[in-house]
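Chains as they are written, first to last, in my numbering: chain A, 5 to 247; chain B, 6 to 573. From the three backbone atoms N, C-alpha and C, an ideal C-beta is built for every residue, glycine too. Below is one structure, written out as structure tokens; the observations come after it.
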Amino acid sequence: MIDIKNVYKAYRKNSNVVEDISIKINNGEIFGFIGPNGAGKTTTIKMMTGILDIDKGDILIDGKSIKKNPVEAKKRFGFVPDDPNMFLKLKGIDYLNFIADIYEVSTNDRMEKIEKLTKEFEIYDALEDKIESYSHGMRQKIIICGVLIHNPQNWILDEPLTGLDPKSAYRLKNMMREHVKNGKCVFFSTHVLEVAEKLCDRIGIINKGKIIFIGTYEEMKKRLGGEGSLEELFMEITKNDEE
Amino acid sequence: MMKNKINFSLLKTMLKNSYDTDNIIDKNTKKLNKKSIRVWLIILVCTIIIYVSYMTINALKEIGISEFFLKIFFLLLQILVMFQTMLLVISVIYFSKDIENYLYLPISSMKLFINKFIVMMSIIFGSEILMALPSIFIYGVLTLQNIWFYIISLIVTILVSIFLSTVVSIIMIFIMRICRFIKSKFLYQNIVILIMTLIIFIPISNSFNINNVQPMENEIQNENINNEAKARQELETIALAVNNSNKYFIVTELGVNALTDIDYHSIIYVLELLGMDLLAILVFLVIGKFTYIKDILWNLSIFDRKKNKNIILEGKCKAKNKEYAYLRNEINSILKNPTYLMHYIYNVLIVLAMVILITISIFPVFLQALIDASGGEIFNDLTFDFSEFSLIIGIIEVMFIISSLSLTAISRYGKNAIFFKYIPIKFKTQFKLKNIPQIFINTIITISILGTIHYLIPGINNAYILSMLVVAMLLNIINSNILLFIDLLKPRLNYENEISVIKQNDNKLFQYILTTVICLFIWYLKEVTKELSLDLSILIEVIIFTLIVVGMEIFINKRGDKLFKNIN
Chain A
5 MIDIKNVYKA YRKNSNVVED ISIKINNGEI FGFIGPNGAG KTTTIKMMTG
55 ILDIDKGDIL IDGKSIKKNP VEAKKRFGFV PDDPNMFLKL KGIDYLNFIA
105 DIYEVSTNDR MEKIEKLTKE FEIYDALEDK IESYSHGMRQ KIIICGVLIH
155 NPQNWILDEP LTGLDPKSAY RLKNMMREHV KNGKCVFFST HVLEVAEKLC
205 DRIGIINKGK IIFIGTYEEM KKRLGGEGSL EELFMEITKN DEE
Chain B
6 MMKNKINFSL LKTMLKNSYD TDNIIDKNTK KLNKKSIRVW LIILVCTIII
56 YVSYMTINAL KEIGISEFFL KIFFLLLQIL VMFQTMLLVI SVIYFSKDIE
106 NYLYLPISSM KLFINKFIVM MSIIFGSEIL MALPSIFIYG VLTLQNIWFY
156 IISLIVTILV SIFLSTVVSI IMIFIMRICR FIKSKFLYQN IVILIMTLII
206 FIPISNSFNI NNVQPMENEI QNENINNEAK ARQELETIAL AVNNSNKYFI
256 VTELGVNALT DIDYHSIIYV LELLGMDLLA ILVFLVIGKF TYIKDILWNL
306 SIFDRKKNKN IILEGKCKAK NKEYAYLRNE INSILKNPTY LMHYIYNVLI
356 VLAMVILITI SIFPVFLQAL IDASGGEIFN DLTFDFSEFS LIIGIIEVMF
406 IISSLSLTAI SRYGKNAIFF KYIPIKFKTQ FKLKNIPQIF INTIITISIL
456 GTIHYLIPGI NNAYILSMLV VAMLLNIINS NILLFIDLLK PRLNYENEIS
506 VIKQNDNKLF QYILTTVICL FIWYLKEVTK ELSLDLSILI EVIIFTLIVV
556 GMEIFINKRG DKLFKNIN
């Protein structure tokens, strides 16, 4: 469970990038976080993961504050950043072992997970190659495998589907569904509104640093009083907000 | 031929890619950016070079061998140029990241080759303007040379560099072809550089082996010779070693001759140099015409090939302690990256080896020269006191400058540095683990210097050697901590490539300032403990440095979390 409580962030005085955001992502749900470029999505995710300090408010991961108890909170989530170009000089297998060591995954567990996950994402045969020789999609896959290897309670995924081939994107979406079926939670940001529409239990829309909508797709339709795709509703709700 | 081959638009693009001048030149005023740390760093380096040159030339003038400076100058110039070329051939001409972007453009391979060579030479000339020309100009001023000296010295420096760079590039091309059986890019680059390093440094170090230096013609083995003459004789022996070294590189002799007496002979020497340059460039271009594009394509196809091995996970997936895994990753990030390995490990080891080798070769002669010059008085009452102790500690501290691992411990990761913010390891633990590579390298430097001192001056009591080790290790920790503080406070996470992490790192200025401050502090301690015994002075120094280390430890434990604030 992720609980974002009245969070504020400003890079400059009196200029909040994120203003009074409160979101509660319950166990057993996939939460889609959408918004235009520069709306505050990445800043929010960075605060959730401890990359950025929180000016005001708090974020709890399974009840552990990222502000006051960062190490314990960090043990409880797995994070896929938007840029998969990490540790390029390491071989795939070395990267996965490194992550498994950091999250204290036992030898047997990691062996089983590495085999299962990398075969599922079809990168098993590339594990002995350096990550720098991987394509963008393969890099994305190895980072995702790195997150799944320690089986965190909460997944925080920043644009996880970018660069993935259709087969892998389909698998990841299924994995997300299975993850929440087991009573865990997934928080992910995306620009692909169709994915959010079909995959998410709830959607949060952020614009100019403020949450302008939280709820299900059906609730959004009701609120705007119309039928239409999420794309159309998104355009309308962000337009309304600007007005 | 060259005119057609230099495509100015291409060259401009390549140069823009290679230089990050935003910081040095003010975008608005198009003038030198006085707010840039890099500008001040350049000014500082130039000032140090001018000062050292000034002192050296004056010292040599006093004993009437000022022209000896030219020989030292060319020896250092050739080492600088050859070493730089060796690294640049790999990083600029053959393995630069932008090469792939030019391959699909309708540009002939020769055009690409020549323009890449010009980019490399521009980098070398840039270093020369900063590091070589101030010395030669100060020599001109102190020895009252006329305008021709400055003009010819400028031409000679450029011509010598072109020749050496071209020859080193040709040798590198052959070594790279010979080493093609190595299929790992990492191993390949390192072995090529290692072979080239040996080719360059073995003759130089051999020249400095005083046993190999033949007695000079005018050497007088007369017991009645006065001390000054004897001292001069010893220094001439060193000059001969430098001379021997210069002989290996034929153009440097021409360069020295051209500048020793400025007359019509100088023009002839310059013309000779020009002829040799043209010949070397011609050979280089012919070789490049037939090999360059093939070599580039070979590099791209072989080194990027995937192994697709059938991995056996058993034995490859042993769980390790997370601190150990973190440290191993820190070490791997240096060792598995050829750029970092070259700059942070090879460079340190080569400089250290050269310093030790030259010290072992020259020190006995130099010491003897000093004893003779003073009529034996200087060292008659030679006892090891706190001044010598402080001097050695100061030398060790200065030697720490050659390694900046902690100064880039964060910046090396670029945007990926955010990884360290979201993993579940305490920041204070990460801080300590990140410092270990720097502390390890500095320990090697410390032990090597103390070992050399023990070898050269066996009279120093072992207990004092051990005390120096303790003080140096405390300084090592202080030094490494402060460098990491600096990188954490001012991390540069937007580097385009690995080479810019090292070359365009403004924080290096702080390392120079830190070293100066520590050296001044050591000198200050020496002054205030003048009246105390050696043992007590050492004890005071150990206590002070220990207190600083403990203070830092408390600070890291208490404020460790805040230190990582600027990574985002």
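Locate the beta strand (DSSP E) running through residue 31 of chain B, then write down its first and last residues. Residue 31 of chain B -> no beta strand (DSSP E), and no H or E assigned at all.
Can you name the residues of chain A whose CB is closer than 7 Å to the CB of residue 424 of chain B? Within chain A, the residues whose beta carbon sits less than 7 Å from that of residue 424 of chain B are 90, listed in sequence order.
Does the beta carbon of residue 95 of chain B sit closer than 7 Å to a beta carbon anywhere in chain A? Not one chain A Cβ lies under 7 Å of residue 95 of chain B.
Could you check what DSSP says for residue 144 of chain B in three-state terms: helix, strand or coil? Helix.
Residue-chain proximity (residue 110 of chain A, chain B), Cβ-Cβ < 7 Å: The Cβ of residue 110 of chain A sits closer than 7 Å to at least one Cβ of chain B.
Pop quiz: residue 571 of chain B and residue 461 of chain B are said to be a contact at Cβ under 8 Å. What is the actual Cβ separation, rounded to whole angstroms? Incorrect: roughly 45 Å between the Cβ atoms, too far for contact.
Could you give the distance in angstroms between the alpha-carbon of residue 175 of chain B and the alpha-carbon of residue 292 of chain B? Taking the CA atoms as reference points, residue 175 of chain B sits about 8 Å from residue 292 of chain B.
Please confirm if the region 45 to 62 of chain A is in contact with the region 116 to 123 of chain A, defined as three or more CB-CB distances below 8 Å between the two stretches. Touching, no, given that fewer than three Cβ pairs across the two stretches are closer than 8 Å.
Among the candidates B:488, B:125 and B:440, whose CA atom is the shortest distance from the CA of residue 519 of chain B? Out of B:488, B:125 and B:440, B:488 has the C-alpha closest to the C-alpha of residue 519 of chain B.
For residue 455 of chain B and residue 389 of chain B, the rounded distance between their alpha carbons: Distance between the alpha carbons of residue 389 of chain B and residue 455 of chain B is about 14 Å.
Considering only the alpha carbon of each residue, which of A:89, A:70 and A:60 lies closest to residue 502 of chain B? Ranking A:89, A:70 and A:60 by Cα distance to residue 502 of chain B puts A:89 first.
Can you pull the chain B neighbours of residue 5 of chain A, defined as C-beta to C-beta under 9 Å? Neighbours of residue 5 of chain A on chain B: none; closest Cβ ~18 Å, over 9 Å.
Going along the chain, which residues of its own chain have a beta-carbon closer than 7 Å to the beta-carbon of residue 2 of chain B, five neighbours each way excluded? Past the boundaries of the shown model lies residue 2 of chain B; chain B is included only from 6 to 573, so the question cannot be answered.
How about residue 346 of chain B and residue 340 of chain B: do their beta carbons lie closer than 7 Å? Between residue 346 of chain B and residue 340 of chain B, the C-beta spacing is below 7 Å.
Taking the alpha helix (DSSP H) that residue 36 of chain A belongs to, which residues open and close that run? From DSSP, residue 36 of chain A is part of no alpha helix (DSSP H) but of the beta strand (DSSP E) over 34 to 38.
Using the beta-carbon count (16 or more within 10 Å), is residue 422 of chain B buried or exposed? Its Cβ being crowded by 16 or more others within 10 Å, residue 422 of chain B is buried.
Under 8 Å Cβ to Cβ from residue 446 of chain B, same chain only, skipping five residues before and after it: list those, please. In its chain, beyond the 5 residues on either side, 349, 350, 353, 408 and 410 have a beta carbon closer than 8 Å to the beta carbon of residue 446 of chain B.
Please classify residue 439 of chain B as buried or exposed, where buried requires at least 16 neighbouring CB atoms within 10 angstroms. Its Cβ being crowded by 16 or more others within 10 Å, residue 439 of chain B is buried.
Within-7 Å CB hit, residue 322 of chain B to chain A: Using beta-carbon distances, residue 322 of chain B counts as an interface residue toward chain A, with a partner under 7 Å.
Where do the ends of the beta strand (DSSP E) carrying residue 268 of chain B lie? Segment: none, residue 268 of chain B is in no beta strand (DSSP E) and carries neither H nor E.
Nearest CA to the CA of residue 61 of chain B: which residue from B:49, B:144 and B:491? The option with the nearest alpha carbon to residue 61 of chain B is B:144.
Sort B:278, B:464, B:263 and B:148 by Cα distance to residue 67 of chain B and report the nearest one. Out of B:278, B:464, B:263 and B:148, the CA that lies nearest to the CA of residue 67 of chain B is found in B:148.
Closer than 8 Å is the cut-off here; do at least three beta carbon pairs connect the region 144 to 155 of chain A with the region 165 to 174 of chain A? Yes, the region 144 to 155 of chain A touches the region 165 to 174 of chain A.
Counting C-beta neighbours from all protein chains within 10 Å, is the total for residue 172 of chain B 16 or more, i.e. buried, or is it exposed? With 16 or more Cβ atoms within 10 Å of its Cβ, residue 172 of chain B is classed as buried.
Note down the Cα distance separating residue 287 of chain B from residue 260 of chain B, rounded to an integer number of angstroms. CA-to-CA, the gap between residue 287 of chain B and residue 260 of chain B works out to about 21 Å.
Residue 219 of chain B classed as buried or exposed, judged by whether at least 16 other C-beta atoms fall within 10 angstroms: Low per-residue confidence applies at residue 219 of chain B: pLDDT is 49, beneath 50, and the placement is therefore not dependable, though the value from the model is reported in the following sentence. It counts as exposed.
Selected residue, minimal CA-CA separation from residue 93 of chain A, among B:91, B:169, B:54 and B:417: Looking at the Cα atoms, B:417 is the closest of the given residues.
Between residue 79 of chain A and residue 429 of chain B, is the Cβ-Cβ spacing less than 7 Å? Result yes, Cβ atoms of residue 79 of chain A and residue 429 of chain B sit closer than 7 Å.
Indicate whether at least one CB of chain A lies closer than 7 Å to the CB of residue 318 of chain B. Contact of residue 318 of chain B with chain A is assigned, a C-beta pair being separated by under 7 Å.
Name, in chain order, the residues that DSSP records as bridge partners for residue 51 of chain B. DSSP output for residue 51 of chain B lists no bridge partner at all.
Report all residues from its chain with a CB closer than 7 Å to the CB of residue 470 of chain B; omit the five preceding and five following residues, and keep chain order. The answer, listed in chain order, is 455 and 459.
What is the DSSP secondary structure of residue 3 of chain B, counted as helix, strand or coil? This structure gives no information on residue 3 of chain B, because the portion of chain B shown stretches from 6 to 573.
In angstroms, rounded to a whole number, what distance separates the CA positions of residue 525 of chain B and residue 546 of chain B? Rounded to whole angstroms, residue 525 of chain B to residue 546 of chain B spans 14 Å at the Cα level.
Please report the straight-line C-alpha distance between residue 543 of chain B and residue 264 of chain B, rounded to a whole angstrom. Rounded to the nearest angstrom, the two C-alpha atoms are 49 Å apart.
Mind listing the chain A neighbours of residue 431 of chain B? Cutoff is C-beta to C-beta under 9 Å, in chain order. For residue 431 of chain B, the residues of chain A that pass the 9 Å Cβ criterion are 74 and 75, in the order they occur in the chain.
Cutoff 7 Å: residue 468 of chain B Cβ touching any chain A Cβ: The beta carbon of residue 468 of chain B does not come within 7 Å of any beta carbon belonging to chain A, so the residue lies off that interface.
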